[in-house]
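Since the structure comes first, as structure tokens, the remarks are kept for the end.
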Amino acid sequence: MLTITPKQLQCMKKSDIVGKYRKTTIKHFDNTERTLYYTDIETPFPKGEKIISVTNEQGIILTVNSTFTKMSGYSKDELLGAPHAILHHPDVPKAVFRELWKSLRENGEWQGCVKNLRKDGGYYWVFAKIFALCRHGKLVGYTSTRTAATPEQIAACEQECYRLRSLEG
Ligand SMILES: Cc1cc2nc3c(=O)[nH]c(=O)nc-3n(C[C@H](O)[C@H](O)[C@H](O)COP(=O)(O)O)c2cc1C
Numbered sequence: 007m008l009t010i011t012p013k014q015l016q017c018m019k020k021s022d023i024v025g026k027y028r029k030t031t032i033k034h035f036d037n038t039e040r041t042l043y044y045t046d047i048e049t050p051f052p053k054g055e056k057i058i059s060v061t062n063e064q065g066i067i068l069t070v071n072s073t074f075t076k077m078s079g080y081s082k083d084e085l086l087g088a089p090h091a092i093l094h095h096p097d098v099p100k101a102v103f104r105e106l107w108k109s110l111r112e113n114g115e116w117q118g119c120v121k122n123l124r125k126d127g128g129y130y131w132v133f134a135k136i137f138a139l140c141r142h143g144k145l146v147g148y149t150s151t152r153t154a155a156t157p158e159q160i161a162a163c164e165q166e167c168y169r170l171r172s173l174e175g
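Just so we're aligned, residue 7 is where the sequence shown starts under the working numbering, counting upward by one.
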């Protein structure tokens, strides 16, 4: 596996945001806080393309393809070494990611619909499939491939996120 120096997540910059935005603060898994600016502008998933990334065991990004940079709005330099939480959209409750990591630990895989936050504050929907990568029987990281989510998957995910958010308060 590649070795990459992990980067601290930076707060989003207002100057990067396109369109009318709302502001919020989220607390990440490691208890650090990040100010987010987010808009209602959706970037549609490009037909026939896939977003691919490889991470280490902690979800630190080691490689991305060009569709990842295009859809997230971040450059490759900004993404390599960053945690995947750089894409954490405030509409997606923590319970979704708790379940994702539990499934990765217990079964080595997870799949589901995710709303991701872009650098410019917009969002994009994906249907992600994540698999554990093992070498000589030892976990070395994860790979994720995302394709377009169907309208039905998006509607179900929105409903579930709404339900979970109301439980989280
Ligand atoms: C291979 C892989 C891909 C991931 N892809 C995403 C993603 O596209 N969007 C996202 O918000 N989190 C993704 N995650 C989950 C993040 O690691 C993290 O748990 C999530 O963003 C919430 O982080 P936070 O609680 O620190 O804010 C991925 C994790 C792994 C291992």
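Ideal Cβ placement from N, Cα and C applies to all residues, glycine included.
Leaving aside the five residues before and after T73 along the sequence, list all residues of the same chain whose C-beta is less than 8 Å from its C-beta, in chain order.
-> Here residue 73 corresponds to residue number 67 of the sequence shown, with the count starting at 1. Only P52, E55, K56, I57, I58 meet the Cβ criterion.
Could you spell out the range, first to last residue, of the alpha helix (DSSP H) harbouring I63?
-> Position 57 of the sequence shown, counted from the first residue, corresponds to residue 63. The sequence shown places Glu at residue 63, rather than the Ile named in the question. First-last for E63: undefined, no H or E at that position.
Please determine, among N71, L42, E115, G65, the residue with the shortest C-alpha to C-alpha distance to D97.
-> As a working note, residue 97 is residue 91 in the sequence shown. That would be L42, whose Cα lies nearest to the Cα of D97.
Contacting residues, own chain, Cβ-Cβ under 7 Å from W116 (five flanking each side not counted) | Against the sequence shown, residue 116 aligns to sequence position 110. Answer for W116: L106, S109, L110, I136, listed in chain order.
In three-state DSSP terms, what is A134?
-> The count along the sequence shown starts at 1 and reaches residue 134 at position 128. Strand, per DSSP.
H90 by DSSP, collapsed to three states: which one?
-> Numbered from 1 along the sequence shown, position 84 holds the residue referred to as residue 90. The answer is helix: DSSP assigns H90 an H, G or I state.
Can at least three beta-carbon pairs, one atom from the segment 87-102 and one from the segment 118-138, be found at a separation below 8 Å?
-> Using a Cβ-Cβ distance cut-off of 8 Å, the segment 87-102 and the segment 118-138 are in contact, since at least three pairs of beta carbons, one from each stretch, lie closer than that value.
In chain order, what residues of the same chain have a beta carbon less than 8 Å from the beta carbon of M18, not counting five sequence neighbours either side?
-> As a position in the sequence shown, residue 18 is number 12, starting the count at 1. For M18, where only same-chain residues beyond five positions count, the Cβ hits under 8 Å are R40, T41, L42, Y43, K125, G127.
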